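Visitor: Structure provided below as structure tokens; questions to follow.
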């Protein structure tokens, strides 16, 4: 397997479950509640905004990765569980993908609703004492906004945002008149979100877009999960980071933090900036704990 980075120890102790998160940008894996998070970039959701389908080549790559992870889990004494989020949930060929996975590695994929996706993320990230009672989670193809009594998923993320921006602006990549592309993203978000009737103020923030921006804000060259919770992003800092990323141009891919996100991070940042404006988010407090941790808790409490 290639295109990976690791966030914790792979072997997590006595917990018997291993969880595979089938995301729109990457496949993630953890064995046990204290296990390493292994991240493999497959871009399963790429092109979904244009075609409504999962791409055959990306499906095959993702199935191969998931099969290897499930085999590794069983070999190490863990019971593998898998869940999928927005890309699979929204794809017209969802059933084909799920059935092929079942045949290949014997795993029945739990395709989460947007509400369940937001629920697991909220439970994992909003349990601290810093006053964050709301959550924003920006993934590859969806964005979750969650509070204790309201959890909503919107079909916009860093990968889908890129697809929408390029399709509607006629541009070629994020270095081609990005402001015009931001306008396309903002217009799309206005259409799917409307005018929210609440202002969230201070939010916990999760997902690769937010944790990567947080790491950049802290001046990291390599991701440090023990330090990421110190990052607080306000609108000014997000805009500063967008300018800095734009200025880097092709050199983005030379930064270890951006190697797998160099072509999507600006789109994710644009989604975050407009979400902060729409929902009245003044501060985003980055969190390393996320939906994978929440789903692991669900598995250990209800499925074992």
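Residue numbers (the working numbering): 22 to 325. Don't be surprised by glycine CBs; every beta carbon is placed ideally from N, CA and C. Only a predicted model underlies this, so the values are computations on that prediction, with no experimental measurement involved.
I want to know whether the region 305-313 touches the region 42-55 - three or more CB-CB distances under 8 Å.
Guide: yes
Visitor: Around the C-beta of residue 199, are 16 or more other C-beta atoms found within 10 angstroms, so that it is buried, or is it exposed?
Guide: Under this definition residue 199 is a buried residue.
Visitor: Quick one: using the 10 Å Cβ neighbour count with 16 as the cut-off for buried, is residue 125 buried or exposed?
Guide: exposed
Visitor: DSSP on residue 303, reduced to helix/strand/coil?
Guide: The answer is strand: DSSP assigns residue 303 an E or B state.
Visitor: Provide the residue(s) that pair with residue 166 in DSSP beta bridges, ordered along the chain.
Guide: 157 and 173
Visitor: Can you grab the Cα-Cα spacing for the pair residue 29 / residue 299, in whole Å?
Guide: Only weak support exists for where residue 29 lies, its pLDDT of 40 falling under 50; the value from the coordinates is given anyway. Straight-line Cα distance between these residues: approximately 34 Å.
Visitor: If you reduce the DSSP assignment to three classes, tell me which class residue 57 lands in.
Guide: coil
Visitor: So is residue 101 buried or exposed if we call it buried at 16+ other beta carbons inside 10 Å?
Guide: buried
Visitor: Quick check on residue 183: buried or exposed, where buried means 16 or more other Cβ atoms within 10 Å of its Cβ?
Guide: buried
Visitor: Closer than 8 Å by C-beta to residue 290: which residues in its own chain qualify, once you throw out the five before and the five after it? Chain order, please.
Guide: 230, 234, 259, 262, 263 and 266
Visitor: Below 9 Å between beta carbons: does that hold for residue 79 and residue 65?
Guide: Closer than 9 Å, so yes.
Visitor: Alpha carbon to alpha carbon, what distance is there between residue 141 and residue 104?
Guide: 11 Å
Visitor: At which residue ranges does the region 32-106 contain complete alpha helix (DSSP H) runs of 4 or more residues, listed in the order of the chain?
Guide: Entirely contained in the region 32-106, the alpha helix (DSSP H) runs reaching 4 residues are, in chain order, 69-72 and 77-96.
Visitor: Quick check on the DSSP output: the beta strand (DSSP E) that includes residue 223 runs from which residue to which?
Guide: 222-227
Visitor: What residue does the alpha helix (DSSP H) around residue 119 start on, and which one ends it?
Guide: 115-126
Visitor: Mind reading off the beta-carbon distance from residue 239 to residue 248? Whole number of angstroms is fine, and I expect it under 8 Å.
Guide: Between residue 248 and residue 239 the Cβ distance is about 6 Å, and since that is below 8 Å, they are a contact.
Visitor: Per DSSP, residue 131 is paired with what?
Guide: 104
Visitor: Which value, in whole angstroms, describes the spacing of the CA atoms of residue 106 and residue 271?
Guide: Approximately 30 Å, taken between the alpha carbons.
Visitor: Have a look at 163, 147, 206 and 162 and flag the residue whose alpha-carbon is nearest the alpha-carbon of residue 169.
Guide: Nearest C-alpha to residue 169: 147.
Visitor: State buried or exposed for residue 136, treating a residue as buried only when at least 16 other CB atoms are found within 10 Å of its CB.
Guide: With fewer than 16 other Cβ atoms within 10 Å, it is exposed.
Visitor: What's the gap between the Cα of residue 256 and the Cα of residue 324?
Guide: Straight through space, the alpha carbons of residue 324 and residue 256 are spaced by roughly 41 Å.
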